[in-house]
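Below: the structure, in structure tokens.
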Amino acid sequence: MLVNMEEIFDKLNENEAVLHFNINNLEWTKYILEVAREENTSVILGVSESAIKYMGGYKTVYNLVSGLVLDLNIKIPVVLHLDHGHSIESCKKAIDAGFTSVMIDASSLPLSENIEITKQVAYYAKTKNVTVEAELGSMDAYQKTNPKEVKEFVLKTGIDALAPSIGNAHGIYKGEVRLDIPLILEIAKMVDIPLVLHGGTGIPDSQIKDAIKSGIKKININTELQTSWAGAVREYIINNKDVYDPRKIISSGEIELKNKVKEKIRLCKNNNI
Ligand code: 13P
3 MLVNMEEIFD KLNENEAVLH FNINNLEWTK YILEVAREEN TSVILGVSES
53 AIKYMGGYKT VYNLVSGLVL DLNIKIPVVL HLDHGHSIES CKKAIDAGFT
103 SVMIDASSLP LSENIEITKQ VAYYAKTKNV TVEAELGSMD AYQKTNPKEV
153 KEFVLKTGID ALAPSIGNAH GIYKGEVRLD IPLILEIAKM VDIPLVLHGG
203 TGIPDSQIKD AIKSGIKKIN INTELQTSWA GAVREYIINN KDVYDPRKII
253 SSGEIELKNK VKEKIRLCKN NNI
């Protein structure tokens, strides 16, 4: 069942977060959906602009995800979410194609421009029952969110979820991870919308739990699925030099990818906190 993020956030227990996993192809989508169903939990399928381009386009991604949900008889709530949409146009394309949620990332721009662009996306999304996430402060520029800007940003844009920059980063962390938990707490107290933690890869479990306790409601994971899958596939190819069936090669990473998805889902569920 495809839903928007609000429907998932509304049903989350205290001290619980929903997982956002990035997808790259049919197999990843299928594996993630199967594990989420096994774990009886909602899931957010995040797709970056580059992954959308890789897979063929917005409509192809929508058809792939909605087709799998139907064919696999998936009943858990599933969100199809544009991850880091960098323009109003790309968010509109996703919305028009059937995505149930989008992220507009204008965080590299000055505050007033970030507000203006985000506001326009949120306005369009509301008319289609699509939820909107936006970033304030810049993770990729290692620029933490200024708490003084938070209220104005959320109020003026009308977004449904906020991704603050709190010492997190995308990809493999260089050096020790140190999430700014006091900053998460401070921001969470200021707004009544869920907070999102990007760059979930490589963050120690204890810090993930602290982040959830402080107000994080959505955790994004991408790289850690890639490294788990790639490690298994690499080993399979080295040990099976005669195999050329792409189905065997791609699915040789299925177990490791599924185990990683399961591990992260269990970590973020209420009873483990
Ligand atoms: P990682 O690749 O670091 O897990 O981050 C994923 C992410 O935040 C996607 O938006």
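Heads up, the sequence shown is in the numbering used here, so the first residue is 3 and it goes up one at a time.
Cβ atoms here follow ideal geometry from the backbone N, Cα and C, with glycine treated the same way.
Predicted, not measured: the structure shown is a model, and the values here were computed from it.
Practice problem: Can you say whether residue 233 is buried or exposed, counting buried as having 16 or more other CB atoms within 10 angstroms of its CB? | Solution: As a first step, residue 233 must be located in the sequence shown, where it is residue number 231. The C-beta of residue 233 has fewer than 16 other C-beta atoms within 10 Å across all chains shown, which makes the residue exposed.
Self-check item: Strand pairing of residue 22, partner residues [DSSP]
Solution: If you number the sequence shown from 1, residue 22 lands on position 20. Residue 22 pairs with 46, 222.
Quiz item: ligand 1 heavy atoms versus the CB of residue 223: any closer than 7 Å?
Solution: To locate residue 223, count along the sequence shown from 1; it is residue 221. Residue 223: yes, Cβ under 7 Å from ligand 1.
Self-check item: residue 226 Cβ short of 7 Å to ligand 1 heavy atom set
Solution: Looking up residue 226 in the sequence shown gives position 224. Yes.
Quiz item: Within 7 Å: the Cβ of residue 229 and any heavy atom of ligand 1?
Solution: Looking up residue 229 in the sequence shown gives position 227. The answer is no for residue 229.
Quiz item: Between which two residues does the alpha helix (DSSP H) carrying residue 187 extend?
Solution: Taking the first residue of the sequence shown as 1, we reach residue 187 at position 185. Residues 183 to 192.
Quiz item: How would you write the range of the alpha helix (DSSP H) that residue 302 sits in, first residue to last?
Solution: Residue 302 lies beyond the residue range present for the chain, which begins at 3 and ends at 275; the question has no answer from this structure.
Quiz item: Taking the DSSP output, what are the residues bridged to residue 227?
Solution: Residue mapping note: residue 227 aligns to position 225 of the sequence shown, counting from 1. The partner list for residue 227 (beta bridge, DSSP) is empty, contrary to what the question assumes.
Quiz item: How big is the Cα-Cα spacing for residue 45 and residue 20?
Solution: As a first step, residue 45 is located in the sequence shown; it is residue number 43 there, counting from the start. As a first step, residue 20 is located in the sequence shown; it is residue number 18 there, counting from the start. Taking the straight line joining both Cα atoms gives about 6 Å.
Quiz item: Is residue 27 buried or exposed, if buried means 16 or more other CB atoms sit within 10 Å of its CB?
Solution: Walking along the sequence shown from the start, residue 27 turns up at place 25. By the neighbour-count rule (16 or more Cβ atoms within 10 Å), residue 27 is not buried but exposed.
Exercise. Look at the alpha carbon of residue 174 and the alpha carbon of residue 204, and state the distance between them as a whole number of angstroms.
Key: Within the sequence shown, numbered from 1, the residue matching residue 174 stands at position 172. Within the sequence shown, numbered from 1, the residue matching residue 204 stands at position 202. Those two C-alpha atoms are separated by around 7 Å.
Self-check item: Sequence-distant residues of its chain with Cβ nearer than 6 Å to residue 137 (five each side left out)
Solution: The residue you call residue 137 lines up with position 135 of the sequence shown. The residues are 107, 109, 165.
Quiz prompt | Limits of the alpha helix (DSSP H) - the one that residue 133 falls within | solution = Counting from one through the sequence shown, the residue named residue 133 turns up at place 131. First-last for residue 133: 133 to 138, but that is the beta strand (DSSP E), not the alpha helix (DSSP H).
Quiz prompt | Pick from 208, 38, 225 that is closest to residue 76, judged by C-alpha positions | solution = Counting from one through the sequence shown, the residue named residue 76 turns up at place 74. Checking every option, the nearest Cα to that of residue 76 belongs to 38.
Self-check item: Backbone CA spacing between residue 199 and residue 214 [nearest angstrom]
Solution: Taking the sequence shown and counting its residues from 1, the one referred to as residue 199 is at position 197. Taking the sequence shown and counting its residues from 1, the one referred to as residue 214 is at position 212. The straight-line gap from Cα to Cα measures roughly 9 Å.
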